[in-house]
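Undergrad: In this note's numbering, the protein residues as written are 12 to 237. We put the CB at the ideal spot given by N, CA and C, even for glycine. Values in this document were obtained by computation on a predicted structure and should not be read as measured data. Before we start, here is the structure in question, set down as structure tokens.
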């Protein structure tokens with residue numbers, strides 16, 4: 012059975028009004044304008060304008076570390092009794108990261124318009140994966156979002172720590188290998204030729220292993236120094 016090809020996702024910028032007639036707007040990551048209008052209509056939004064956003068030259072994706080930090084900040088504020096929309100607005104207003112400011116402002120606008128937080132997060136699938144949004148949805152249904160956000164923050168921080176350790180473990184042998192190759196090349200280019208001259212000067216014949224190393228040195232010199 013042939014697998015169904017996933018539709019490419021684009022970003023659509025929209026403006027409109029919510030169920031109370033209050034002006035609102037934001038961005039929606041979805042496969043088509045028709046699906047964007049349908050999704051917004053189901054959320055009670057009357058769309059005034061909808062435009063596909065052109066991709067920037069270097070499209071930014073939030074790093075896992077950025078999401079983890081923001082989630083921890085949210086957990087602290089929610090546990091302090093600060094409303095969801097206010098919390099997202101505070102983070103958006105207090106960051107120098109343009110992508111975080113853009114996304115969190117859109118989420119705040121959606122939540123203020125009556126959209127569930129999990130639905131607002133789901134509009135940014137590149138930033139918040141299914142596990143993240145599903146856990147938030149569970150917290151919303153159980154009325155325990157503040158405590159669950161703490162658990163999400165703990166999970167993300169642990170995940171980033173594991174990633175950092177894996178990267179470090181992979182970097183060390185790679186660095187050792189590069190240094191080893193560099194030292195070997197330097198030996199073949201500059202040190203071995205001096206030993207060859209020393210043996211030749213004394214009229215001594217080279218041992219088989221040494222002769223092989225000298226041959227490798229000659230090859231490297233011809234290749235690198237031409």
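Taking just the CA atoms, how far does residue 193 sit from residue 64?
TA: Their backbone Cα atoms lie some 48 angstroms apart in a straight line.
Undergrad: Suppose you measure from the CA of residue 153 to the CA of residue 23; what does that come to, to the nearest Å?
TA: 32 angstroms
Undergrad: Beta-carbon separation of residue 35 and residue 97 under 9 angstroms?
TA: At least 9 angstroms separates the beta-carbon of residue 35 from that of residue 97.
Undergrad: Just the Cα atoms here: how many angstroms apart are residue 30 and residue 57?
TA: Annotation: residue 30 to residue 57 spans about 8 angstroms, alpha carbon to alpha carbon.
Undergrad: Give me, in chain order, the residues of the same chain whose beta-carbon lies closer than 6 angstroms to that of residue 88; leave out the 5 immediate sequence neighbours on both sides.
TA: 98
Undergrad: Whole angstroms are fine: how far does the CA of residue 176 sit from the CA of residue 127?
TA: 36 angstroms
Undergrad: Considering only their Cβ atoms, is the gap separating residue 79 from residue 164 smaller than 9 angstroms?
TA: yes
Undergrad: Do you know offhand how far residue 139's Cα is from residue 113's?
TA: 14 angstroms
Undergrad: Does the Cβ of residue 27 have 16 or more other Cβ atoms within 10 Å, making it buried, or fewer, making it exposed?
TA: buried
Undergrad: Taking all protein chains shown into account, do 16 or more other C-beta atoms lie within 10 angstroms of the C-beta of residue 38, making it buried, or fewer, making it exposed?
TA: buried
Undergrad: Would you report the Cα separation of residue 143 and residue 190, rounded to the nearest angstrom?
TA: 41 angstroms
Undergrad: Which residues share a DSSP beta bridge with residue 62?
TA: 24
Undergrad: Looking only at DSSP bridge pairs, what is residue 57 linked to?
TA: 28
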